[in-house]
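Taken in order, the sequence shown gives residues 185 to 442; the numbers are from the working numbering. Reading through the structure tokens given below for one structure.
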Amino acid sequence: MYLYLSKILPLLVLPIGIVIELSLVALLLLVKDRRKTAAVFLGCAVLVLWISSMPVVANALMGRLERDFPAVALRDVPTNKCIVLLGGVIQPAWAPRTEVEINEAVERVRTAARLFHARKGEVIVVTGGNLPWSPIAVSEAQLIKTLLVEWGVPAASVVLEEASRNTRENGLNARVLMDALACDTSLLVTSAAHMKRAVAVFEKLGMAVFPVSADVRAVADPALTVLDFLPAAEALKMTTDALREWMGQGVYWVRGWN
185 MYLYLSKILP
195 LLVLPIGIVI
205 ELSLVALLLL
215 VKDRRKTAAV
225 FLGCAVLVLW
235 ISSMPVVANA
245 LMGRLERDFP
255 AVALRDVPTN
265 KCIVLLGGVI
275 QPAWAPRTEV
285 EINEAVERVR
295 TAARLFHARK
305 GEVIVVTGGN
315 LPWSPIAVSE
325 AQLIKTLLVE
335 WGVPAASVVL
345 EEASRNTREN
355 GLNARVLMDA
365 LACDTSLLVT
375 SAAHMKRAVA
385 VFEKLGMAVF
395 PVSADVRAVA
405 DPALTVLDFL
415 PAAEALKMTT
425 DALREWMGQG
435 VYWVRGWN
């Protein structure tokens, strides 16, 4: 039940959800012939949508999340036995797709492969199962392993954890494998925006990790232009993703998971 609620409830307070709610209220007020009040709610809906879709806002929100754990140059990454790679990069093979697809977070996988080839780690621990409603029979960890092998990582060097469904379970299940592999410390690979929560979870569980951020989305803009203040679909998605991560951090703090 928690997994379903954790996916559904945030929709009510994310930009699109708020816009829909405000628009519905405006519609009800119009039905009751309260046009001025309806116009206020409709104006608020437009304002929320516009602000959430501004690249300057999206970049600022995502940048605030990512700045705590910026990307590290490969040469500055210490050598460890284990590389722990968090899932969240696979999209289902829904029709008309003929096989699974990868999303922008696939940079995590590429980063883990680069670390391995640079001999920064001997074993890649891939942690990621499927959500209960997922149509994929094979675990995400197994699909990521296939991708790693395609990128030159020996199959014998990839260890799978296939049961976790969130960051908390990633940590719990990875700890068992890390203990079995005698990994006192490990390189932790996930998206830059997600790294703060991931590090907090792993350290809360008593694991020492060196964060290696991937999938950095916010960039330093040398000079703002009018385009940075105009609505853009990509900016709306970035804003939504950033707010979702902020909420995730809040929930984990309340539950004592970080």
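Every residue gets a Cβ at the ideal spot worked out from N, C-alpha and C, and that includes glycine.
Counting pairs of beta carbons, one from the region 321 to 338 and one from the region 264 to 279, are three or more of them closer than 8 angstroms?
-> yes
Segment contact, 8 angstroms Cβ cut-off, at least three pairs: the region 214 to 224 with the region 383 to 394 = no
Segment contact flag, the region 371 to 381 with the region 239 to 250, C-beta cutoff 8 angstroms, min 3 pairs | yes
In terms of alpha-carbon separation, which member of A398, P262, L213, A416 lies closest to L289?
-> According to the sequence provided, residue 289 is Ala. The question's Leu does not apply to it. Of A398, P262, L213, A416, the residue nearest in Cα terms is A398.
In chain order, what residues of the same chain lie with their CB nearer than 8 angstroms to the CB of R294, ignoring the 5 residues before and after it?
-> W335, A398
Buried or exposed by the 16-neighbour rule on C-beta atoms within 10 Å, applied to I308 | buried
Determine the contact status of R292 and L258, defining contact as a CB-CB distance below 9 angstroms.
-> no
In its own chain, which residues sit with a C-beta less than 7 angstroms from the C-beta of E162, not counting the 5 before and 5 after it?
-> The structure shown does not extend to residue 162, since the chain is modelled only from 185 through 442, so no value can be given for it.
Cβ shell of L214 (< 7 angstroms), same chain only, five flanking positions each side left out | A222
Among I204, P239, S236, which residue has its Cα nearest to the Cα of P226?
-> The displayed chain sequence assigns Leu, not Pro, to residue 226. When each option's Cα is compared against that of L226, the closest is I204.
Span of the beta strand (DSSP E) around F413 = Counting along the chain, F413 falls outside any beta strand (DSSP E), and DSSP gives it neither H nor E.
When DSSP labels each residue in this structure, what does L198 get in the three-state scheme?
-> coil
With P239 as the anchor, note down where its beta strand (DSSP E) starts and where it stops.
-> No beta strand (DSSP E) holds P239; the alpha helix (DSSP H) holding it covers 239 to 250.
Buried or exposed: where does N243 fall if 16 or more other Cβ atoms within 10 Å of its Cβ makes it buried?
-> buried
With 16 other CB atoms within 10 Å as the buried threshold, where does D368 fall?
-> exposed
Nearest CA to the CA of I202: which residue from W437, A302, A404, W234?
-> W234
Apart from the five residues just before and just after P262, which ones in its own chain have a Cβ nearer than 7 angstroms to its Cβ?
-> F394
Comparing alpha-carbon positions, which option in V383, L420, A407, A426 lies nearest V400?
-> A426
Just list the alpha helix (DSSP H) runs in the region 286 to 359, keeping only unbroken ones of 4 residues or longer that don't cross its boundaries, in chain order.
-> 291 to 301, 324 to 334
Run through DSSP, which three-state label would A398 get?
-> strand
Could you please give the first and the last residue of the uninterrupted alpha helix (DSSP H) stretch that includes V435?
-> 417 to 438
For T369, the residue or residues it bridges with in DSSP | A392
Check each candidate in R218, R381, T409 and name the one with the smallest Cα separation from W430.
-> R381
Whole-angstrom C-beta distance between A384 and N314, which should lie under 8 angstroms = N314 to A384, Cβ: 24 angstroms. No contact.
Residue interval of the alpha helix (DSSP H) (run including V230) = 219 to 236
Helix, strand or coil at L193 according to DSSP, with G and I counted as helix | helix
Just the Cα atoms here: how many angstroms apart are V410 and F253?
-> 30 angstroms
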